[in-house]
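Presented below is the structure to which this report refers.
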Amino acid sequence: MRFRSNVCRATVRHAKILAAVAGATLIAANAANAAGNVAHGEELYRDCGACHSIEKNGVGPSHKGVVGRAAGAVSGYEYSPELKNSKLVWTEENLDKWLAGPEKLVPGTKMFYEVDDPKDRADIIAFLREKAK
Ligand code: HEC
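Under the numbering used here, the first residue of the sequence shown carries the number -3, and numbering increases by one thereafter.
This is the structure in structure tokens:
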């Protein structure tokens, strides 16, 4: 019994140390991505993954190189005429507007998915900027 409870206490201590280390890592990661948290963006991007991937077209177009590219430009993907003819360029500012309300930026678009939280949008955009090059 005594032996067991010692093990238990050691495990708790261990968990506390691990939690402290994880916390420090998170703070470092946040500082490194002051304009948006890439790791959090990656988590949020899983929801985009229902329709998108970085490499391939699906329900939505591939996101390879999306930051800085022209809207409606992925070959082999059938865009709505509204997005195709929008003449938008996916600057970070336009991506932010898009994610806040695709229908507002491009009336008639086929994308119906919004991200309400500005911080979440910044994190998703940071993820795309870093990982979808
Ligand atoms: C339910 C499906 C769905 C989800 C979820 C979704 N999208 Fe889309 N997305 C689309 C469709 C469909 C289009 C094409 C719209 C059109 O042609 O009008 C699109 C287009 C886009 C475009 C324009 C790309 C280009 O080549 O011009 C971007 C950027 C984009 N989505 C980002 C995202 C991000 C980031 C998320 C997650 C926060 C997301 N989408 C979630 C369906 C989705």
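Ideal Cβ placement from N, Cα and C applies to all residues, glycine included.
- Distance from L95 to R125 at the Cβ level is roughly 13 Å; contact not present, criterion being Cβ atoms closer than 8 Å.
- For S49, the Cβ stays outside the 7 Å cut-off from all heavy atoms of the ligand HEC.
- The Cβ atoms of I120 and G37 sit closer than 8 Å to each other.
- Bounds of the alpha helix (DSSP H) holding L79 are 77 to 80.
- Between Y73 and P57, the C-beta gap is smaller than 8 Å, which places the two residues in contact.
- Your pair I50 and K127 checks out as a contact, with CB atoms roughly 7 Å apart and the cut at 8 Å.
- Taking 7 Å as the cut-off, one finds no heavy atom of the ligand HEC near enough to the beta carbon of T87.
- Leaving aside the five residues that flank G97 on each side, the residues in its chain whose CB is nearer than 7 Å to its CB run, in chain order, E110.
- Here V102 really is in contact with S82; their C-beta atoms are around 5 Å apart, less than 8 Å.
- Residue environment analysis places V63 among the buried positions, since at least 16 neighbouring C-beta atoms fall within 10 angstroms of its C-beta.
- If the five residues before and after G104 are omitted, its C-beta is found closer than 7 Å to the C-beta atoms of S76, E78, all from its own chain and listed in chain order.
- Going by beta carbons, G32 and A122 fall inside the 8 Å limit.
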